[in-house]
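Chains A and B, in that order, give the protein sequences.
All you need for the working numbering is the position in the first sequence, starting with 1, plus 792.
Mapping the second sequence onto the working numbering, position 10 (from 1) lands on 3, and the numbers just tick up by one.
Think of the CB as a built atom: it goes at the ideal place given N, C-alpha and C, for glycine as much as any other residue.
It should be emphasised that the depicted structure is a prediction, and the values quoted were computed from it without experimental measurement.
These notes concern the structure reproduced below.
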Amino acid sequence: MTPPDLTAVLCTGIRKHFGEDDARVEVLRGVDYTVRRGELSFLVGPSGCGKTTLISIIAGLQETSSGEVSLFGNHLARMPHPERVLFRRSHLGFVFQQYNLLQALTAAENAAIPLLAAGTRRREAVDRAAALLDRLGLGSKTGSFPRQLSGGQQQRVALARALVHEPRLIICDEPTAALDHATGEAVMELLASAAVHPDRAVIVVTHDSRVFHFADVIARMDDGHITHVEPGQRTVANPHPGSSRNSHPSA
Amino acid sequence: MNWVGLQMLRNDRAKFAAMIVAVSLAVFLMQNQAAILATMLSMTAAQIRDVQDADLWVTEPDVECFDQVKPMRDIQLLRVRGVAGIAWAAPLLKIDAIGRSEGGRLNTVTLLGIDDASLAGLPQKMRVGRADAIRELDTAIIDPGGHELFFPGEPFRAGRSVRIRNRRLRIVGVSDIAAPFTGLPMLHTSRSTAAAFNLGEQHMTSFILARSAPGGNPGEICQKINTLGGLRARTTEQFAADAMWFYGSQGVPMLFMVTITIGLIVGAAITGQTFLMFIKENARPISMLKVVGTTDRQLGTMILLQGAVVVVLGSCFGSGIAAAVCNVIRTQPFLRSLYLPWEIALGTCFALASVTGIALYASFRHVRGLEPAAVFR
């Protein structure tokens, strides 16, 4: 059992179904899932096994049918909706498969969105985002629009957007699925080096077995359950990930 | 976040332009039609308001507007003059006749016979010549539209003549009165000259113009005149309002209102539909914004601002086009009275904004109902 002070994400008995009676579909069938601070946890499994539903619930975007989710000791389900939105804004960062960058904004402006949503002044937000992009190797592209960037560069902008407000949990949904192997590898390296932090947890949902070696922990899902949890190669190489890594780009 | 919303709007140039064009055209159509209607209605009262030296109009009881002429007996003038609070009263004769220019152009004209002694009701502003030159027998001043009808394309000048009932009427000036509703040339002449054209008519008074004594209340004086019996007295504004109401109740405004309503509905529908499409096509980025913690309030403000930008820009363009078209049209002498009241400009913009607001509300409801988790799919 993980000591409570090291627990970032604690899911207990999560059940989720959609529809009722004949149309009822059980997507999650009692998921217990823990992610520790400083951990890079991979959630893997076949399509339709419930990975995306689980991260939606962890992010407070969907309600559970039963079970509890705690993020750093906070129970999202017990929060009123506006408070949950503010919690998500402050403490969570997201990386999506399709990047979801706004085509109207430059790379720096896209990366600054969480700060803008939090009310930071535009100039300050964009400057901070540009500085972060610089550290992620996109210093020369801060003024470029998404259509002017390659897929790997766009995903790095998305990574900057997930990091810029220094969240405590980063949720990545298939971050390498739209990238070729080399680019995916580079993005994962960046994620592993920039996002992992002793007080932060990272959950990566992926099918891409080529990047499993970046994981501290791999949780395998099938048919709405976590069927197996195993240490990743990085844990084997570094048994105390949370205490040894401190490579947050803003540190 | 408002800035992000504006950038999203600006980036979708096709829809942004389509919405602005839709609002502009709707505003232009509504303002143009409303301006024509307002001008037409005001033209029905133009000859009443042009008389600025009198503040009371006295007519036969059943006369509703300036174009309804019912001759009055001369005794009525004396009765009005006898009412306490009347500073002066003078007759005005109105006759419709056929006029022919030197070049042979025929037109029905309206002859206004001004009281020879007082010249009450004489145009206050002139483009060419002096108004009081009509004291001379068989002279008249003509309005700009009439000059254009009789002498098309020629510069305004005195010295031409018009024949009416085989009698030559010399033009001694061009007045600057408002265009009449009928579009007929308006010839101001002395009552004695006009009477010579009023063949077979026993009474030479169509209206009685009167002025209330200084400090007198025109409304109260009207009541006194009305109690005399057989007369109907109104202030200038009351008579003008009656005239506009008389023509307004003839059905023409209904036709204009149909066009204005179509403009409103089509403009708002295109704008609303395009805006809703813009929001729906941006569902994924908006879901992303919701996921990263943008509140419904922030999104609502973004949508409101986007809608406001479209409506304000479209209204400015539409109003600008309407004003420009109005200015071009009014260079025509017959249409010189066309104007675009600011109340109409503001009212049409407000009407369109209100109806577009419904589309904005629908868009906001759509955004509120967006499932943020959809961004993971």
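Item to check | Contact with chain B by Glu1022/A, beta-carbon distance below 9 Å | outcome: Position 230 of the first sequence, counted from the first residue, corresponds to residue 1022/A. No, because no Cβ of chain B sits closer than 9 Å to the Cβ of Glu1022/A.
Next on the checklist: Does the CB of Ala366/B have a neighbour CB from chain A at under 9 Å?
Outcome noted: The sequence position of residue 366/B within the second sequence is 373, counting from 1. Output row for Ala366/B: interface = yes.
Checklist entry - Ordered along the chain, which non-local residues of its own chain (more than five positions away) have a Cβ less than 7 Å from that of His1032/A? => result On the first sequence, residue 1032/A is found 240 positions in, with the first residue counted as 1. Model confidence at His1032/A stands at a pLDDT of 47, short of 50, so the residue's coordinates are unreliable; what they give is reported in the following sentence. Contacts found: none.
Checklist entry - Assuming Ala233/B and Ile41/B make a contact with CB atoms under 8 Å, what is their CB distance in whole Å? => result Numbered from 1 along the second sequence, position 240 holds the residue referred to as residue 233/B. Numbered from 1 along the second sequence, position 48 holds the residue referred to as residue 41/B. Right, their Cβ atoms sit about 5 Å apart.
Checklist entry - Can you name, in chain order, every residue of its own chain whose Cβ lies under 8 Å from the Cβ of Leu34/B, other than the five neighbours on each side? => result Here residue 34/B refers to the residue found at position 41 when the second sequence is read from its first residue. Excluding positions up to five away in sequence, the list reads Met237, Tyr240, Gly241, Pro246.
Next on the checklist: Can you confirm whether Gln890/A, when its beta carbon is compared against all beta carbons of chain B, has any partner nearer than 9 Å?
Outcome noted: The residue you call residue 890/A lines up with position 98 of the first sequence. Cβ-Cβ to chain B under 9 Å: yes for Gln890/A.
Next on the checklist: Assuming Gly92/B and Pro178/B are in contact, meaning their beta carbons sit under 8 Å apart, how far apart are those beta carbons, in whole angstroms?
Outcome noted: Along the second sequence, one-based indexing puts residue 92/B at 99. Along the second sequence, one-based indexing puts residue 178/B at 185. About 7 Å; that satisfies the 8 Å criterion.
Checklist entry - Among Ile201/B, Val285/B, Val348/B, Leu248/B, which residue has its Cα nearest to the Cα of Leu71/B? => result For the purposes of this step, residue 71/B is taken as the residue at position 78 of the second sequence. Relative to the Cα of Leu71/B, the nearest Cα in the group Ile201/B, Val285/B, Val348/B, Leu248/B belongs to Ile201/B.
Checklist entry - Are there 16 or more other CB atoms within 10 angstroms of the CB of Trp50/B, so buried, or fewer, so exposed? => result Within the second sequence, the letter at position 57 stands for residue 50/B. That one is buried.
Next on the checklist: Under 9 Å, Cβ to Cβ, is there at least one residue of chain A near Thr267/B?
Outcome noted: Position 274 of the second sequence, counting from 1, holds the residue named residue 267/B. No, because no Cβ of chain A sits closer than 9 Å to the Cβ of Thr267/B.
Item to check | Under 9 Å between C-beta atoms of Leu925/A and Ala900/A | outcome: The count along the first sequence starts at 1 and reaches residue 925/A at position 133. The count along the first sequence starts at 1 and reaches residue 900/A at position 108. Yes. Within cutoff.
Item to check | Residue environment, Ala47/B, which counts as buried when at least 16 other CB atoms sit within 10 Å | outcome: Translated into the one-based positions of the second sequence, residue 47/B becomes position 54. Of the residues assessed, Ala47/B falls on the buried side of the cut-off, its CB having 16 or more other CB atoms within 10 angstroms.
Item to check | Chain-ordered neighbours of Val979/A on chain B, where CB pairs are closer than 7 Å | outcome: Position 187 of the first sequence, counted from the first residue, corresponds to residue 979/A. None at all; the shortest Cβ gap to chain B is about 18 Å.
Next on the checklist: Classify Gly1034/A: buried if its beta carbon has 16 or more other beta carbons within 10 angstroms, exposed otherwise.
Outcome noted: Along the first sequence, read from residue 1 onward, the residue named residue 1034/A stands at position 242. Summary for Gly1034/A: the model assigns pLDDT 44, below 50, so the residue's position carries little reliability, and this model does not support an answer.
Next on the checklist: Counting only Cβ pairs nearer than 7 Å, list the residues of chain B close to Asp965/A.
Outcome noted: Numbered from its first residue, the first sequence carries residue 965/A at position 173. Here the neighbours are Phe369.
Checklist entry - Of all the alpha helix (DSSP H) runs that stay within the bounds of the segment 111 to 146 of chain B, which reach a length of 4 or more residues? => result Within the segment 111 to 146 of chain B, complete alpha helix (DSSP H) segments of at least 4 residues are found at 137 to 143, given in chain order.
Item to check | Interface partners of Val877/A on chain B, CB under 9 Å | outcome: In the first sequence, counting from the first residue as 1, residue 877/A sits at position 85. Here the neighbours are Lys283, Gly286, Thr287, Thr288, Asp289.
Item to check | Buried versus exposed, by CB contacts within 10 Å (16 or more), Ser1039/A | outcome: Counting from 1 along the first sequence, the entry for residue 1039/A is found at position 247. Residue placement at Ser1039/A is flagged as unreliable, the pLDDT there being 35, under the threshold of 50; the coordinate-derived value follows with that caveat. Classification of Ser1039/A: exposed, given that the 10 Å Cβ count is below 16.
Item to check | Reference Val1021/A; option with closest CA among Phe834/A, Leu868/A, Cys803/A, Ala969/A | outcome: The count along the first sequence starts at 1 and reaches residue 1021/A at position 229. Ranking the options by Cα distance to Val1021/A, first place goes to Phe834/A.
Checklist entry - If you run the structure through DSSP and keep just helix, strand and coil, what is Glu1022/A? => result Position 230 of the first sequence holds residue 1022/A. Three-state DSSP puts Glu1022/A in a strand.
Next on the checklist: Tell me which residues of the segment 855 to 875 of chain A have at least one Cβ-Cβ distance to chain B shorter than 7 Å, keeping chain order.
Outcome noted: Cβ contacts with chain B come from Pro874.
Item to check | Sheet register partners of Tyr825/A (DSSP bridge) | outcome: On the first sequence, residue 825/A is found 33 positions in, with the first residue counted as 1. Cys803/A, per the DSSP bridge assignment.
Checklist entry - Along the chain, which unbroken stretches of the alpha helix (DSSP H) at least 4 residues long are found entirely within the segment 895 to 951 of chain A? => result List check, alpha helix (DSSP H) in window: 899 to 903, 905 to 909, 914 to 927.
Checklist entry - Alpha carbon to alpha carbon, what distance is there between Met980/A and Pro1041/A? => result Your numbering for residue 1041/A matches position 249 in the first sequence. Your numbering for residue 980/A matches position 188 in the first sequence. Note on Pro1041/A: pLDDT 36, under 50, position unreliable in the model; no value is reported.
Next on the checklist: Against chain A, with Cβ distances strictly below 9 Å, would Arg3/B count as a contact?
Outcome noted: Within the second sequence, residue 3/B is the residue found at index 10, counting from 1. Closer than 9 Å: yes.
Next on the checklist: I'd like to know whether the C-beta of Ala921/A is nearer than 9 Å to at least one C-beta of chain B.
Outcome noted: Translated into positions along the first sequence, residue 921/A becomes position 129. Residue-level contact by beta carbon fails for Ala921/A and chain B, as no gap is shorter than 9 Å.
Item to check | Exposure of Pro938/A, with buried meaning 16 or more beta-carbon neighbours within 10 Å | outcome: For this step, residue 938/A is matched to residue 146 along the first sequence. Buried, by the Cβ-count rule.
Next on the checklist: Within 8 Å, do at least three Cβ pairs link the segment 353 to 364 of chain B to the segment 269 to 287 of chain B?
Outcome noted: Contact between the segment 269 to 287 of chain B and the segment 353 to 364 of chain B is established, with three or more Cβ pairs separated by less than 8 Å.
Item to check | Collapsed DSSP secondary structure at His809/A in the structure displayed | outcome: Within the first sequence, the letter at position 17 stands for residue 809/A. DSSP, reduced to helix, strand and coil, places His809/A within a strand of the structure shown.
Next on the checklist: Ignoring anything shorter than 4 residues, give me the alpha helix (DSSP H) runs that lie fully in the segment 239 to 267 of chain B, in order along the chain.
Outcome noted: Those alpha helix (DSSP H) runs which fall completely within the segment 239 to 267 of chain B and span 4+ residues do not exist here.
Next on the checklist: Can you give me the C-alpha to C-alpha distance between Asp67/B and Lys87/B, rounded to a whole angstrom?
Outcome noted: Translated into positions along the second sequence, residue 67/B becomes position 74. Translated into positions along the second sequence, residue 87/B becomes position 94. Cα to Cα, the separation comes out at about 15 Å.
Checklist entry - Can Arg128/B and Gly166/B be called in contact, C-beta distance under 9 Å? => result Start at 1 with the first residue of the second sequence, and residue 128/B comes out as number 135. Start at 1 with the first residue of the second sequence, and residue 166/B comes out as number 173. No, they are not a contact pair.
Next on the checklist: Cutting at 8 Å between CB atoms, please list the residues of its own chain near Ser330/B, excluding the five before and the five after it.
Outcome noted: Residue numbering aside, residue 330/B sits at position 337 when the second sequence is read from its first letter. If we look at Ser330/B and ignore the five residues flanking it on each side, its Cβ neighbours are Thr32, Ser35, Met36, Ala39, Ala171, Ala172, Arg323.
Item to check | Val165/B - DSSP class collapsed to helix/strand/coil | outcome: Reading the second sequence from its first residue, position 172 is the one you call residue 165/B. Three-state result, Val165/B: strand.
Item to check | Run of the beta strand (DSSP E) containing Arg184/B, from where it starts to where it stops | outcome: As a position in the second sequence, residue 184/B is number 191, starting the count at 1. Looking at the DSSP string, Arg184/B is not in any beta strand (DSSP E); the run it does join, the alpha helix (DSSP H), is 184 to 190.
Item to check | Beta-carbon proximity list for Ala315/B, same chain, < 8 Å, skipping 5 on both sides | outcome: On the second sequence, residue 315/B is found 322 positions in, with the first residue counted as 1. Annotation for Ala315/B: Val20, Phe21, Gln24, Asn25, Ala28, Leu333, Ala338 place their beta carbon closer than 8 Å to its own, counting only its chain and skipping 5 residues before and after.
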